[in-house]
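Taking our numbering, the leading residue of the sequence shown gets 238, the next gets one more, and so forth.
Ideal Cβ placement from N, Cα and C applies to all residues, glycine included.
A quick write-up on the structure given underneath.
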Amino acid sequence: MTVIGVASVKGSPGVTAFALALATTWPGSALLAELDASGGDLAGYHGLQPDPGIASLATEFRRERDPEVLTRHTQTLLSGLKVIAAPAHPAQAYAAINALAPALPALFPKLLRDTMLIADLGRLVGPSVELARSTDRLLVLARAHLTDLAHLDGLPPNAELVLVGRGPYPPKEVTDALGLKVRAHIRHDPVAQAFLEGRRRRTRLVRAAEELSATLATFVQLEPTP
Ligand SMILES: Nc1ncnc2c1ncn2[C@@H]1O[C@H](COP(=O)(O)OP(=O)(O)OP(=O)(O)O)[C@@H](O)[C@H]1O
Ligand SMILES: [Mg+2]
């Protein structure tokens, strides 16, 4: 399995919306895992049951670690996308991510070989950093403003930036100043919330994610799973 992590360092620049858009537009089989230690939003937006999800996955993971484990903890959105949703409650989400972080990465190569795992890692703090380091691609979203960019020091070495919205700093300047590749620049999407809640399908954000999905998919094909 190949894993694309989507994360932030501060603020809420649109990680969940972008991860959902990437998973929805992935040109092949994709699974979205909400590995956000601050608590998940997908279950609330899409009326999902509390279980199965990240919490039940973490519980099973303590006893059994077979390669099919992820498939037993998914729910399906109306769009058809399979998701493993995090509990909304931060303490429950943190406990589940904390339990998964030390061992889940070792299992990534054996899990679901033909499926792309898009992981919404939320903010990179605590156990999320360990998960982020183990992803094949790590997309860190940040608004193109000094206040957001100032927090980007010390990211894991696999991190690439996705700039969100207008700002005074063009991608090249950001790369020169921070030494981080800018993988994409997505614009403000006035209907991002409607997309997040499953009420809109083709939005500006989705089209941007579709373009990036197509690019990343070509890289992934060049990097066969061990
Ligand atoms: N590209 C975008 N343009 C404009 N608004 C956006 C965009 N992406 C997300 N939003 C809006 O910003 C808010 C936060 O989005 P989202 O929940 O995706 O962010 P997040 O980084 O996952 O936040 P959190 O830290 O709470 O997990 C939501 O109201 C969402 O609709
Ligand atoms: Mg989020």
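Near Val-240, which residues of its chain fall below 7 angstroms by C-beta distance, leaving aside the five closest residues on each side in sequence? So the qualifying residues of the chain are Phe-345, Leu-354, Ala-356, Thr-372 and Asp-373.
Can you check which of these residues, Gln-312, Ala-445 and Leu-337, is closest to Gly-402 by C-alpha distance? Cα-wise, what sits closest to Gly-402 is Ala-445.
Pick out whichever of Leu-349, Pro-427 and Ala-267 has its Cα sitting closest to the Cα of Glu-305. For Glu-305, the closest of Leu-349, Pro-427 and Ala-267 by C-alpha to C-alpha distance is Leu-349.
Using beta-carbon positions only, say whether Val-419 and Phe-255 come within less than 8 angstroms of one another. When the beta-carbon positions are compared, Val-419 and Phe-255 stay at least 8 angstroms from each other.
Gly-363 and Ala-274 look like a contact to me (Cβ under 8 angstroms); what is the Cβ gap, rounded to whole Å? About 6 angstroms; that satisfies the 8 angstroms criterion.
Tell me, which residues are paired with His-422 by DSSP? The beta-bridge partner set that DSSP reports for His-422 consists of Leu-400.
Which partner residues does Ala-379 have in the DSSP bridge list? Bridge partners of Ala-379: Leu-400.
So which of Ser-293, Leu-307, Thr-313 and Ile-291 has the shortest CA-CA distance to His-283? If we check each option's Cα against that of His-283, Thr-313 comes out closest.
With 16 as the cutoff for other CB atoms within 10 Å, does Ser-450 come out buried or exposed? With 16 or more Cβ atoms within 10 Å of its Cβ, Ser-450 is classed as buried.
Just to confirm before moving on: does the CB-CB distance between Ala-258 and Val-252 stay below 8 angstroms? Val-252 sits away from Ala-258, with the two beta carbons spaced by 8 angstroms or more.
Do Gly-290 and Ile-334 have their CB atoms nearer than 8 angstroms? Cβ distance not < 8 angstroms, so Gly-290 and Ile-334 don't count as in contact.
If you check the beta carbons only, do Pro-393 and Ala-421 fall under 8 angstroms apart? Result no, Cβ atoms of Pro-393 and Ala-421 do not sit closer than 8 angstroms.
Compute the Euclidean distance between the alpha carbons of Asp-351 and Leu-415, then round it to the nearest angstrom. Taking the straight line from one Cα to the other gives about 35 angstroms.
Counting only the same chain and skipping the five closest in sequence on each side, list residues whose C-beta sits under 8 angstroms from that of Leu-361. Scanning its chain for C-beta atoms nearer than 8 angstroms, with the 5 sequence neighbours on each side dropped, one finds around Leu-361 the residues Ala-244, Ser-245, Val-246, Ala-369, Val-377, Leu-392 and Pro-393, in chain order.
Which runs of the beta strand (DSSP E) at least 3 residues long sit entirely within the segment 248-300? Give them in chain order. Every beta strand (DSSP E) of 3 residues or more that sits fully in the segment 248-300 is shown, in chain order, as 267-271.
Quick one: is Pro-463 buried, meaning 16 or more other Cβ sit within 10 Å of its Cβ, or exposed? With a pLDDT of only 49 at Pro-463, under the threshold of 50, the placement of this residue in the model should not be trusted; the figure read from the coordinates follows. With fewer than 16 other Cβ atoms within 10 Å, it is exposed.
In this structure, does DSSP put Val-240 in helix, strand or coil? DSSP places Val-240 in strand when its eight states are reduced to three.
Using 8 angstroms for Cβ pairs, my map puts Leu-272 next to Leu-375. What's the rounded Cβ distance? The C-beta distance from Leu-272 to Leu-375 rounds to 12 angstroms, too long to fall under 8 angstroms, and the pair is not in contact.
Under the three-state DSSP convention, the category Thr-311 falls into: In this structure, Thr-311 counts as coil in the three-state DSSP scheme.
Any non-hydrogen atom of ligand 2 within 7 angstroms of Gly-359 CB: Gly-359 Cβ: within cutoff of ligand 2.
Please report the Cβ distance between Arg-437 and Val-428, rounded to the nearest whole angstrom; I am assuming they are in contact, meaning their Cβ atoms lie under 8 angstroms. Going by Cβ atoms, the distance from Arg-437 to Val-428 rounds to 5 angstroms, so yes, they are a contact pair.
State the start and end residues of the unbroken beta strand (DSSP E) segment that holds Ala-323. Going by DSSP, Ala-323 is part of no beta strand (DSSP E) at all; its letter is neither H nor E.
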